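Visitor:
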Amino acid sequence: MVVIGEQIAVGVVVGFGDRAGGVEIVDTATNRSLGLVVSEEDLGGDITSMVLVDQNRGYAVVADENFANSVRPFDLSSGTVGVPLENISGGFIPNLAVDGDRLIVADRGSFSDPASAGLKLYDAATGAFLSGPIDTGLPPQDIVVLSDAAVPTAVEETADSLPQEFALEAAYPNPFNASVQIPFAVWQANTPVELTVHDVLGRTVRTLTSGPVAAGRHVLHWDGRNAAGEPVGNGAYLVQLRAGSQRAVGKVMLIK
0 MVVIGEQIAV
10 GVVVGFGDRA
20 GGVEIVDTAT
30 NRSLGLVVSE
40 EDLGGDITSM
50 VLVDQNRGYA
60 VVADENFANS
70 VRPFDLSSGT
80 VGVPLENISG
90 GFIPNLAVDG
100 DRLIVADRGS
110 FSDPASAGLK
120 LYDAATGAFL
130 SGPIDTGLPP
140 QDIVVLSDAA
150 VPTAVEETAD
160 SLPQEFALEA
170 AYPNPFNASV
180 QIPFAVWQAN
190 TPVELTVHDV
200 LGRTVRTLTS
210 GPVAAGRHVL
220 HWDGRNAAGE
230 PVGNGAYLVQ
240 LRAGSQRAVG
250 KVMLIK
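Start counting the sequence shown at 0; every next residue gets the next number (numbering that gives the first Met the number 0).
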């Protein structure tokens, strides 16, 4: 989901493999959909994530019928889709980010080539491969571009140390079918925590917990059902963690 002024570009998926979805534009001034502007037929699979370079041009992560992931450029004004980017592993790509004139791809690698995992950099205007994979230790799950200010390094940990700050960690498995585990951590005892699941329009689907928790790491699970106990549809969902005055958002993909 990407906000463009009063309009929102939303990646929509009906069911895995049916290619009935794509990129849809929603007008928040009139609270109505303007329809699909880029189809999954043209994308060549199910859209799982996207990012915009400017008002019209963007990139989408696409999963084909064999779950192989690719990254393809698209244009909202013309509805056209370009050729897939080079040097993508074909494994799971959970996130994209634009940093100035660079596109950053979080590639988790493939079973046949796990060494291909890491961050890969492309020219955002042309899609040309620049460099990578940049090793991230564990395979990358999410990307947040920081400012040019120095980033503090990790401090030495003791065996019984608690997390130094609140954090929403990567959900697993992701994509998921029946249930997804959502780990998070808080550093202060009795911190008020609210963990909620939302659809791509921001509507609350389910509240998984709300109240104070002990300091340390916790894992909650979501069974793909709403507050009424009804199964929800396939597609992307946002997981939001509020802890005290802080907030973090992650994304999970339900595929049945």
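Ideal placement from N, C-alpha and C gives every residue a C-beta, glycine not left out.
From a predicted model like this one, the values you see are computed outputs, not experimental measurements.
Could you check the C-alpha separation between A235 and M49 for me, to the nearest Å?
Guide: In a straight line, the C-alpha of A235 is about 11 Å away from that of M49.
Visitor: Can A166 and G223 be called in contact, C-beta distance under 9 Å?
Guide: Not in contact: A166 and G223 (Cβ atoms no closer than 9 Å).
Visitor: Please confirm if the stretch 135-145 is in contact with the stretch 209-222, defined as three or more CB-CB distances below 8 Å between the two stretches.
Guide: With a cut-off of 8 Å, the stretch 209-222 and the stretch 135-145 do not count as touching, because too few Cβ pairs lie within range.
Visitor: Under three-state DSSP, which class holds P182?
Guide: In this structure, P182 counts as strand in the three-state DSSP scheme.
Visitor: Give every residue of the same chain whose Cβ lies closer than 7 Å to the Cβ of I254, excluding the five residues on either side of it in the sequence, and list them in chain order.
Guide: Hits under 7 Å: F15, P174, N176, N233.
Visitor: Less than 9 Å separating the beta-carbons of I24 and V36?
Guide: Against a cut-off of 9 Å, the Cβ pair of V36 and I24 comes out as a contact.
Visitor: For T79 and L95, what's the separation of their Cα atoms in angstroms?
Guide: Each residue's alpha carbon lies about 20 Å from the other.
Visitor: Tell me the DSSP secondary structure of P113 in three-state form.
Guide: Correct three-state label for P113: helix.
Visitor: Suppose contacts are defined by Cβ-Cβ distances below 9 Å. Is L237 in contact with R246 by that definition?
Guide: In this structure, R246 does not lie closer than 9 Å to L237 by Cβ.
Visitor: Is the CB-CB distance between G99 and A67 below 9 Å?
Guide: Result no, Cβ atoms of G99 and A67 do not sit closer than 9 Å.
Visitor: Cα-Cα, which of F183, W221, T190 is closest to H197?
Guide: Nearest option by C-alpha distance: W221.
Visitor: Quick one: what's got a C-beta closer than 6 Å to Y171's C-beta in the same chain, skipping five residues either side?
Guide: Around Y171: Q180.
Visitor: Work out the CA separation of I7 and V104 for me, nearest whole Å.
Guide: Cα-Cα distance, rounded: 22 Å.
Visitor: Are the CB atoms of V204 and V231 nearer to each other than 9 Å?
Guide: Against a cut-off of 9 Å, the Cβ pair of V231 and V204 comes out as a contact.
Visitor: Can you say whether R31 is buried or exposed, counting buried as having 16 or more other CB atoms within 10 angstroms of its CB?
Guide: Answer is exposed; the Cβ neighbour count stays below 16.
Visitor: Tell me, to the nearest whole angstrom, how far the beta carbon of G117 is from that of G126; I am working on the premise that it is less than 8 Å.
Guide: The pair is not a contact, with the Cβ atoms about 18 Å apart (cut-off 8 Å).
Visitor: Tell whether a beta-carbon distance below 9 Å holds between A124 and V52.
Guide: Yes.
Visitor: So the candidates are L219, L129, E40, E193; which of them puts its Cα closest to the Cα of E64?
Guide: Answer by Cα proximity: E40.
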